[in-house]
Structures are given as structure tokens and as C-alpha cells.
Amino acid sequence: MLGGQRLSRTVRFVLRRIGALRSPFRRPVDRVENAARLVAVLAIACAMPFALSAGAAMHRHDVASSAKDSRQVTAVTLNSVPPEIAYGAGPTTVPVPARWRAPDGTVRTGVVQVMPPERAGARLSIWIDAAGLVSTPPMSATALVMRQAVTVAVCLLGALLVVAGLLCAVHVRLDRVRYARWDRDWYRLAVERPDRLYEP
69 MLGGQRLSRT VRFVLRRIGA LRSPFRRPVD RVENAARLVA VLAIACAMPF ALSAGAAMHR
129 HDVASSAKDS RQVTAVTLNS VPPEIAYGAG PTTVPVPARW RAPDGTVRTG VVQVMPPERA
189 GARLSIWIDA AGLVSTPPMS ATALVMRQAV TVAVCLLGAL LVVAGLLCAV HVRLDRVRYA
249 RWDRDWYRLA VERPDRLYEP
């Protein structure tokens, strides 16, 4: 029961802040600002499906691009790598010439990275692109999901910044209207009822 009352108060507070509840004390300018807040909330809500669609489109593009541009083939090393290189300073892998077969069936030669020691004629898997050149491996499933999540977050953040900027501009404009009306009311009071200004 207590939890329901707290929820009801919270809902009423949110509705009151965005102007969804009527109040006789609201001025027309307040109603305009409340309407702007309500429109801002609806705009953010409408932006969420578009952000999710953008993330899904990015995911499909990345999956298709990885499947199209990268393929795994077997390469054969042409030189051996002595074990002494493994104990020297430098990277954990060393370049070694190798050959492999390109997607069009031609034999290509190039440099691949291997872990020493390695003998000549060793077979290892490498990733190549559509032209038969050595390329980086396709993105993992985790990387694809992360890129999708980042795309959704960036879209939502962009929409939030745009809506917040517009709402701030509306607030500044309406504040000017409020101040102008205050000045006009004080001036009318000073002209029509100057005695009221000095009442204790």
C-alpha cells in the first residue's frame, strides 16, 4: 500500500513537471513551457526506435562487410624461424615469407606473422581480402555487439542534445516574456495604485 502511494506521488510529480496535469495557477506562458516539455519527452521516446534501427543496420552492415571482405585460407611458410629469436627483445611474432592461394585461384606470396620457432613449410591459417592480400580478421561477435550499442548510444545522445538545446532555447524565450510581463505589471501598479507600493 505504501509503495503504491509513493509510486502514485512520483507519477503525479512527473506529470505535474511536464504539464500533463491541469492547474488554475498556471499562466499561459507556463502552459506553453509545459507543452514544450511534453513534446520533448515524446521526441526522446520516438527517437529510441530510430536509434535501435540504426544500431541494427550498423550490425547488419558490419556482418555483411566482414563476410564479404575477409576469408580464411591456409598459408605455407617459405623460411624457417630459429628459436633464438623468441628470446630476443622485440615483438612476440616475427614476419616470415609465405605463399597461399587467392580467391581467384592464383598463388600469392607475401609476409605473415608467426610465433618462433617455426620451420619452413609449416601450414598456418591467415585472413585475406577479396584481392588475395593479407588482411585483419573479421570483428568478433563481442565487437559487433559493442559497435551496435555505441551506435544506439550515439543516436540517443544526439537526439537528447538536440531536444535539450531546443527546450533550453524555448525556456530562455519564455523567461523573457515572463520578465516583460512582470515589468509591465509593476509599472501598471506604480501608475494606477502607487499607494500599494508603500504599504507595510
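All you need for this note's numbering is the position in the sequence shown, starting with 1, plus 68.
Note that the Cβ used here is the ideal one computed from N, Cα and C, for glycine as well.
Sequence-distant residues of its chain with Cβ nearer than 6 angstroms to residue i (five each side left out)
i	result
V107	none
A227	A115
P205	W195
One or two residues paired with residue i in a DSSP bridge
i	result
L192	A143
E186	V149
V230	According to DSSP, which records beta bridges pairwise, V230 is partnered with nothing at all.
Q181	P163
V202	I196
As assigned by DSSP and simplified to three states, the class of residue i
i	result
P163	strand
R169	strand
R176	strand
A111	helix
R95	coil
M126	helix
M207	coil
V131	helix
S121	helix
S138	coil
Minimum C-alpha distance to residue i - residue among the options
i	options	result
V175	Q216, G189, G200 and L146	G200
N147	V179, A125, R169 and G173	V179
D197	A170, D253, A217 and V100	A170
H127	A237, M214, A104 and P185	M214
A104	E186, L235 and M207	L235
G173	T145, V141 and A188	V141
L212	A113, P96 and A132	A132
A58	R249, T161, I112 and A166	Residue 58 falls outside the range modelled here, since the chain spans only 69 to 268, and no answer is possible.
A51	T210, C223 and A188	Residue 51 falls outside the range modelled here, since the chain spans only 69 to 268, and no answer is possible.
D243	V182, R95 and R77	R95
Close beta carbons around residue i, own chain, < 8 angstroms, minus the five adjacent residues each side
i	result
V202	G178, V179, V180, I194, W195 and I196
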